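K.L.:
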Amino acid sequence: MKDEITKYIENQTAFLDLDNISEVFTAKNIGLQFEIKRNTVSHYLNQLNEQGIIIKINTRPVYFFHKNAFETQFYTLSKNLYRSLDELKEEQPLFQKRNDMFSLLIGNDASLARSIEQLKAALYYPENGLPVLLTGESGTGKSYMVKIIYQYCLANDLIKEDGQLITLNCAQYANNPELLTSHLFGHAKGAFTGADEDHKGVFEEANGGILFLDEVHRLNAEGQEKLFTYLDQGVIYRMGETNMPRKVSTRIFFATTEDLNSVFLSTFIRRIPVQIQLPSLEQRTQNERLEMIYNFFIKERAKIRKVLLVSSQVIHLLKTTPYQGNIGKLKNVVKVTVAKAFSEQKDAKHIHITIYHLPPDLLTKAVFKASVSTEENINIDETTTIENLSMKKKPEELRIIRTYERLLANFKKSELNITAIDEDIKKEVENLFDFLLFETDREKKHELLLFMTQYVRDTLKQMESSYQIIFNGNSIYAISYYLFQRSSVRWQPEDVEVQSLIKEFKQAVIQTYPMLFQYTERMLSIIKPRLDIEVFDMDLILLTLYFSQLGLSRESNFAKAIIVAHGYATASSIANVANRLLGKNIFESFDMPIDTTPQKIAEEIVDYTEKNDVSNGLVILVDMGSLKEIYEYFPQQLSVPVMIMNNLTTPLAIAIGENIQKSINLSELAIHSFENNKPDWKIIYPHKNKNKALLTTCFTGIGTATKISKLLEKSLPINSPLKVLPFDYQTLHEQKEKETVFSLYEVVGIVGTANPMIQDIPYLSLEELISGKGAQHLREWLMKDLDDEKAEQFNNRLIRNFSLDKVIDSVTILDTDKVMAEIELFMRILEELTEQKIKNERKLALYVHVSCLIERLIRNVPIETYSGDDTDEKCRKEQLARIKEAFSVIEEDYSVKIPNSELKYIHDILFQKLDLTMIKEEF
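Positions 795 to 1717 (the numbering used here) are the ones given, in order, by the sequence shown.
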């Protein structure tokens, strides 16, 4: 009876409305439901409460909820007994995030990222999406993936609200095609002996939902052919209704553990454009395997309801031992391990899990992999989550979100009074910008950061002119770094209370800092369209609070001081450090390109004097250059004393700033500051050479270059010191050896689709690499860093990873075999029309380019404009017509139309001398 009561409350809790509590959660109503006495029900409920299964609310009447069901629907609870509903509601977190259903999958941002990207592309494809075939070893999670897909479709309105997930295991009907037909498509009354009434098949049951055909490899050729009509036309025929097609709208997914080429008809595979292989447990990353182990232990703790203390060696062995049954086998191993430990310690408060509780067969496999554990002991209680065990959140994203949350929490705690929390706000904002400026890794997206910084600088100059205000140089980089890091943060709370709190916080900021808020709002309105960013209320709030600390309109009796230095952010960095240590914004900064003339520097300084009160004098610190030349360009009407000092250093700037605050006259200021900061020196010889790097590039963008770099990285030996860096072609072509990457690395060569022509740097085209002609050159570049064994490994991986079908598979989600066959037919027709043979290297280029082109056309995102040379368009008219005619076979098979701009790019590949084999892809 107690189990039945538990199940009843669990089901009811799933429909709980915290704002309108039903009487079904009282002992009285539960007693009526099961026709037993109220005191008997209360006895059972109190026992379940003591066991932590049921939570109890001591109100009148007393309410009982199922704890796990409550936490699944609402939020985590800290205890099992509450004095009131208000006390229960107080535990509701202020901030709750809405997650994509795919984020529930471990590895969604790593080994499964590519699979999820393909799935979403298939799901959002028009007219009911694309059919998908999931492949992978047994136990890799194919069925679970389909369940997640179903939930994702429901959450994003991709299927009807009442759409069902219907699963059919094809193994049950492998040798009975007639029974299979009936189950798939249904039958009409009288269709065969025993068909006494009309019967719906699974296709109709899944209408408006999802149909999942598992173990589809068990269908013989006849069984596979029965699916052709639906895959081609979207209709089915019930048995006995050959002249009555029924339109069905269902998304169809298949799953198999077998090799596609050995058990499936080629005509069947050709009809499934999206084929996704789920990685085995062995192919998952170490972190993913670790998260799975954490997840399984957390679920087992919930069952036995005791704290688990798991030794580091157990975690290490579970993570490193191979499992033939993949994730399913790992899950069972954890279950057996916990069960054994629990049986030995069932009366203990905490369950200690050691290597002695692991299954013997696992220990046998692990003997030969014995190594020192790098894991830590873990404690798992009712509050433990995978997130706080693995700490996998990006620190930048997490830091920004936590700052938002702390600012809002402080604001709420202060009863909506900003002035009462002024110091707390200052500390939070200061800590965030310190972290973003000095503790984050910006190297990987350095170009994007430079791009953002330039636009922010232009925007602030525009505002200075409009509002007659002065932003210091630190503001440029602080705002740029914030927007750069915030671009990856998607934080928009759906909770109505939080939304209301943000609006109240915004209004309080507007009332407290009306002009600063106006500046912030104007600045972001200018930046938004330029940098293609979304602007939220928290951006307005945070940046206004940041500006409030800068004292934009502050005047003083001190001499004004500026720092002028050559290079990216040099002056700004020194000014930022000096101002922070001095506790006051003494210095303004001017960052100058290395080739800036003294006249340009003088113009910037004069412009500064026109916008600032320099009547108390002006101190100019410069890193290098002729002081006399700078001063000669000052106008005669500049009547204030000016002190110029070169050979700038950070300690010198700090000393100058300290003396400025003491109101020392300019001559004494120079002498005192310089005497205490004479330079010291010693020679330190480097111990290591620059790291070696291999660059990948693409003529029209970074997309393909990134994909080439990933294939090369997979080919290199593990722990290879060589870095493979994707790089923008235009930047390399224009900057040549002046580009920063050549200062940071010893570049051994460049691989790509177009040669940037950099002196002394060897180049290898992608076509040469695919054809095998360039593999020897690439090995020669790297031979000094590889011993014989590693060189052999590299050669084998290179051959495998840079096969034509592997390269095409890496740049498109479409069926590689089908795409290659279509392109081969296109080239054959084109050769017949032009009566010319296409050279092999151009064929390779066409395979890669046209595969991307087909996907662009299917996704309806063709390249609309042609950026090549159009001067000889009349001469190319006949050639373009032949290309168009040959391409018609692809247009017909994929129901697409190729625009004239795309035809011209194919023409360039066929007839131009320049090696431009790819057009910018959007992935």
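Ideal Cβ positions, reconstructed from N, Cα and C, are used throughout, including at glycine. Owing to the predicted nature of the structure, the values given are computational and were not obtained by experimental measurement.
Compute the Euclidean distance between the alpha carbons of W1575 and V1250, then round it to the nearest angstrom.
P.N.:
Taking the first residue of the sequence shown as position 1, residue 1575 is located at position 781. Taking the first residue of the sequence shown as position 1, residue 1250 is located at position 456. If I take the Cα positions, the gap works out to 41 Å.
K.L.:
On the criterion of 16 or more Cβ atoms from any shown chain inside 10 Å, does F859 qualify as buried, or is it exposed?
P.N.:
As a working mapping, residue 859 is identified with position 65 in the sequence shown. Result: buried.
K.L.:
Let me confirm a value: Q1018 is counted as buried when at least 16 other C-beta atoms fall within 10 Å, else exposed. Which label applies?
P.N.:
Taking the first residue of the sequence shown as position 1, residue 1018 is located at position 224. It counts as buried.
K.L.:
So, helix, strand or coil for Y1660, using DSSP?
P.N.:
Counting from one through the sequence shown, the residue named residue 1660 turns up at place 866. If DSSP states are grouped into helix, strand and coil, Y1660 belongs with coil.
K.L.:
To the nearest angstrom, how far is the alpha carbon of I943 from that of R1045?
P.N.:
Position 149 of the sequence shown, counted from the first residue, corresponds to residue 943. Position 251 of the sequence shown, counted from the first residue, corresponds to residue 1045. Cα to Cα, the separation comes out at about 10 Å.
K.L.:
At which residues does the beta strand (DSSP E) containing G1543 begin and terminate?
P.N.:
For the purposes of this step, residue 1543 is taken as the residue at position 749 of the sequence shown. First-last of the beta strand (DSSP E) with G1543: E1540 to G1546.
K.L.:
Out of L913, G1003, L1124 and E865, state which residue places its alpha-carbon closest to the alpha-carbon of G1720.
P.N.:
Shown here, the chain extends from 795 to 1717; a query on residue 1720 therefore has no answer.
K.L.:
Going by the beta-carbon positions, is the gap between Y876 and I851 smaller than 8 Å?
P.N.:
Within the sequence shown, numbered from 1, the residue matching residue 876 stands at position 82. Within the sequence shown, numbered from 1, the residue matching residue 851 stands at position 57. It is a contact, given that the beta carbons lie within the stated cut-off.
K.L.:
How should I1454 be labelled, buried or exposed, when 16 other C-beta atoms within 10 angstroms of its C-beta is the threshold for buried?
P.N.:
On the sequence shown, position 660 is the one that residue 1454 refers to. Result: buried.
K.L.:
Since E1658 and P1693 are thought to touch, with beta carbons under 8 Å apart, how far apart are those beta carbons, to the nearest angstrom?
P.N.:
As a position in the sequence shown, residue 1658 is number 864, starting the count at 1. As a position in the sequence shown, residue 1693 is number 899, starting the count at 1. About 6 Å; that satisfies the 8 Å criterion.
K.L.:
Tell me whether N840 sits in a helix, a strand or coil according to DSSP, three-state version.
P.N.:
Locating residue 840 in the sequence shown gives position 46, where the first residue counts as 1. It is helical.
K.L.:
Any heavy atom of the ligand FMN inside 7 Å of the beta-carbon of F1058?
P.N.:
Summarising the ligand content, the structure contains no ligands, and the ligand FMN is consequently not present.
K.L.:
Assess contact between the segment 1147-1155 and the segment 954-964, defined as three or more Cβ pairs (one per stretch) separated by less than 8 Å. Is contact present?
P.N.:
Contact between the segment 1147-1155 and the segment 954-964 is absent, because fewer than three Cβ pairs lie under 8 Å.
K.L.:
By how many angstroms is the C-alpha of Q886 removed from the C-alpha of N1268?
P.N.:
The count along the sequence shown starts at 1 and reaches residue 1268 at position 474. The count along the sequence shown starts at 1 and reaches residue 886 at position 92. Roughly 39 Å between the two C-alpha positions.
K.L.:
Is the beta carbon of T853 less than 8 Å from the beta carbon of S816?
P.N.:
Sequence index remark: in the sequence shown, residue 853 carries index 59 (1-based). Sequence index remark: in the sequence shown, residue 816 carries index 22 (1-based). Against a cut-off of 8 Å, the Cβ pair of S816 and T853 comes out as no contact.
K.L.:
Roughly how many whole angstroms lie between the Cα atoms of R908 and K1508?
P.N.:
The residue you call residue 908 lines up with position 114 of the sequence shown. The residue you call residue 1508 lines up with position 714 of the sequence shown. Distance between the alpha carbons of R908 and K1508: 15 Å.
K.L.:
Mark I1703 as exposed unless 16 or more other C-beta atoms lie within 10 angstroms of its C-beta, in which case mark it buried.
P.N.:
For the purposes of this step, residue 1703 is taken as residue 909 along the sequence shown, with counting starting at 1. Label assigned to I1703: buried.
K.L.:
Could you tell me whether the Cβ atoms of F1536 and T1490 are closer together than 8 Å?
P.N.:
The residue labelled residue 1536 in the question sits at position 742 within the sequence shown. The residue labelled residue 1490 in the question sits at position 696 within the sequence shown. No, the pair does not count as a contact, with Cβ atoms beyond the cut-off.
K.L.:
To the nearest angstrom, how far is it from the Cα of V1358 to the Cα of T1390?
P.N.:
The residue you call residue 1358 lines up with position 564 of the sequence shown. The residue you call residue 1390 lines up with position 596 of the sequence shown. Distance between the alpha carbons of V1358 and T1390: 11 Å.
K.L.:
Bridge partners of S1383, per DSSP?
P.N.:
If you number the sequence shown from 1, residue 1383 lands on position 589. Beta-bridge pairing links S1383 to I1357.
K.L.:
Cα separation between N1373 and F1381?
P.N.:
Taking the sequence shown and counting its residues from 1, the one referred to as residue 1373 is at position 579. Taking the sequence shown and counting its residues from 1, the one referred to as residue 1381 is at position 587. Distance between the alpha carbons of N1373 and F1381: 7 Å.
K.L.:
Within 10 angstroms of its Cβ, does L1505 collect 16 or more other Cβ (buried), or is it exposed?
P.N.:
For the purposes of this step, residue 1505 is identified with residue 711 of the sequence shown, where counting begins at 1. Under this definition L1505 is a buried residue.
K.L.:
My guess is that G846 and N874 are in contact by the Cβ rule of under 8 Å, so how many angstroms apart are they, rounded?
P.N.:
Within the sequence shown, the letter at position 52 stands for residue 846. Within the sequence shown, the letter at position 80 stands for residue 874. That belief holds up - the Cβ atoms of G846 and N874 are roughly 5 Å apart, short of 8 Å.
K.L.:
Cutting at 6 Å between CB atoms, please list the residues of its own chain near D1141, excluding the five before and the five after it.
P.N.:
What you label residue 1141 is simply residue 347 of the sequence shown in a count that begins at 1. If we look at D1141 and ignore the five residues flanking it on each side, it has no Cβ neighbours.
K.L.:
Looking at the strands, I want to know which residues DSSP matches up with F1521.
P.N.:
By 1-based counting over the sequence shown, the position of residue 1521 is 727. BP columns for F1521 point to T1491.
K.L.:
In chain order, what are the residue ranges of uninterrupted alpha helix (DSSP H) at least 4 long that sit wholly in the segment 1669-1711?
P.N.:
With a minimum length of 4 residues, the continuous alpha helix (DSSP H) runs that stay inside the segment 1669-1711 are 1694-1705.
K.L.:
In angstroms, rounded to a whole number, what distance separates the CA positions of E1452 and S872?
P.N.:
Working through the sequence shown from its first residue, we reach residue 1452 at position 658. Working through the sequence shown from its first residue, we reach residue 872 at position 78. Cα to Cα, the separation comes out at about 53 Å.
K.L.:
Roughly how many angstroms separate the alpha carbons of N1410 and K1255, rounded to a whole number?
P.N.:
In the sequence shown, the residue the question calls residue 1410 occupies position 616. In the sequence shown, the residue the question calls residue 1255 occupies position 461. So the alpha carbons of these two residues sit roughly 25 Å apart.
K.L.:
How would you write the range of the alpha helix (DSSP H) that F1265 sits in, first residue to last?
P.N.:
For the purposes of this step, residue 1265 is taken as residue 471 along the sequence shown, with counting starting at 1. Taken as a continuous stretch (DSSP letters only), F1265 belongs to no alpha helix (DSSP H), as it is neither H nor E.
K.L.:
Given this structure, state the Cα-to-Cα distance separating T1306 from I1212, to the nearest angstrom.
P.N.:
For the purposes of this step, residue 1306 is identified with residue 512 of the sequence shown, where counting begins at 1. For the purposes of this step, residue 1212 is identified with residue 418 of the sequence shown, where counting begins at 1. Distance between the alpha carbons of T1306 and I1212: 8 Å.
K.L.:
Give, in chain order, every unbroken run of the alpha helix (DSSP H) that is at least 4 residues long and sits entirely within the segment 1116-1166.
P.N.:
The qualifying runs are 1120-1138 and 1154-1160.
K.L.:
Quickly, what does DSSP pair D1008 with across the bridge? List them, please.
P.N.:
Numbered from 1 along the sequence shown, position 214 holds the residue referred to as residue 1008. D1008 pairs with N963.
K.L.:
Can you tell me which of the three DSSP states A904 falls into?
P.N.:
Indexing the sequence shown from 1 puts residue 904 at position 110. Residue state, collapsed to three classes: coil.
K.L.:
Take Y1075 and list the residues in its own chain whose beta-carbon comes closer than 7 Å to its own, dropping the five residues that flank it on each side.
P.N.:
Stepping through the sequence shown from its first residue, residue 1075 is reached at position 281. Residue identity differs from the one stated: residue 1075 is Leu in this sequence, not Tyr. So the qualifying residues of the chain are R1083, Y1117, N1120, I1121 and L1124.
K.L.:
Quick one: using the 10 Å Cβ neighbour count with 16 as the cut-off for buried, is A1164 buried or exposed?
P.N.:
If you number the sequence shown from 1, residue 1164 lands on position 370. Note that A1164 scores a pLDDT of 45, beneath 50, so its modelled location is shaky; the value from the coordinates is reported in the next line. Exposed, because fewer than 16 other Cβ atoms sit within 10 Å of the Cβ of A1164.
K.L.:
Apart from the five residues just before and just after V1303, which ones in its own chain have a Cβ nearer than 8 Å to its Cβ?
P.N.:
Locating residue 1303 in the sequence shown gives position 509, counting from the first residue. Correct list, in chain order: I1212, F1311, L1334, I1335, T1338 and L1339.
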